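Per this note's numbering, the sequence shown starts with residue 293, numbered consecutively. To keep things clear, I will list the structure first and then write my remarks on it.
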Amino acid sequence: MIKLSIDEKIFSDRVVISNFNLKVQRNEFIVITGASGAGKSTLLNIIGLIDTSYHGQYIFNGSDVSDISYKKQLYLRGHYFGLYFSRFSYKRKTDYPKEFYYQ
Numbered sequence: 293m294i295k296l297s298i299d300e301k302i303f304s305d306r307v308v309i310s311n312f313n314l315k316v317q318r319n320e321f322i323v324i325t326g327a328s329g330a331g332k333s334t335l336l337n338i339i340g341l342i343d344t345s346y347h348g349q350y351i352f353n354g355s356d357v358s359d360i361s362y363k364k365q366l367y368l369r370g371h372y373f374g375l376y377f378s379r380f381s382y383k384r385k386t387d388y389p390k391e392f393y394y395q
């Protein structure tokens, strides 16, 4: 179960989410829609424990996850959340031999 209450989320000195409440039961399906810039991605980043810089409370499966360790965030993300980024940018840090790319 997700129970999220965001009092305020500020991004670049602008309030992007305020007075927002969401409750999602286990096996419940929701859709998040809105105009460009409405805060959909920001909300998904909060739900997926990627963005934790907001004022509010987040209860996930009965536990407060508003201020948990990074290690616990990674565990929950890996076991409970499936996130897809349409504009994912990967920057390669290692140069691999050309043979690696063409195999």
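All C-beta atoms in this analysis are idealised placements derived from N, C-alpha and C, irrespective of residue type, glycine included. These figures come from a predicted structure and were not determined experimentally.
Rounded separation between residue i and residue j - CA only
{"i": "K301", "j": "Y367", "result": "24 Å"}
{"i": "N337", "j": "V357", "result": "14 Å"}
{"i": "G354", "j": "S328", "result": "32 Å"}
{"i": "G331", "j": "Y362", "result": "23 Å"}
{"i": "T325", "j": "T344", "result": "21 Å"}
{"i": "N319", "j": "R369", "result": "17 Å"}
Chain-order list of residues whose beta-carbon lies under 6 Å from that of residue i (same chain, five-residue window excluded)
{"i": "S297", "result": "N313, G348 and Q349"}
{"i": "I322", "result": "V316"}
From the options, residue whose alpha carbon lies closest to that of residue i
{"i": "R306", "options": "L375, T334 and Q365", "result": "T334"}
{"i": "N311", "options": "H371, D299 and G370", "result": "D299"}
Beta-carbon gap between residue i and residue j smaller than 8 Å
{"i": "G340", "j": "F373", "result": "yes"}
{"i": "I294", "j": "V308", "result": "no"}
Neighbourhood of residue i by C-beta, 8 Å cutoff - its chain only, sequence neighbours within 5 removed
{"i": "D359", "result": "T344"}
{"i": "Y394", "result": "Any answer about Y394 is weak, because its pLDDT of 48 lies below 50 and its placement is not dependable; what the coordinates show is given next. Excluding residues within five positions, none has a Cβ falling inside 8 Å."}
Whole alpha helix (DSSP H) runs in the stretch 303–381 with 4 or more residues, listed along the chain?
332–339 and 362–372
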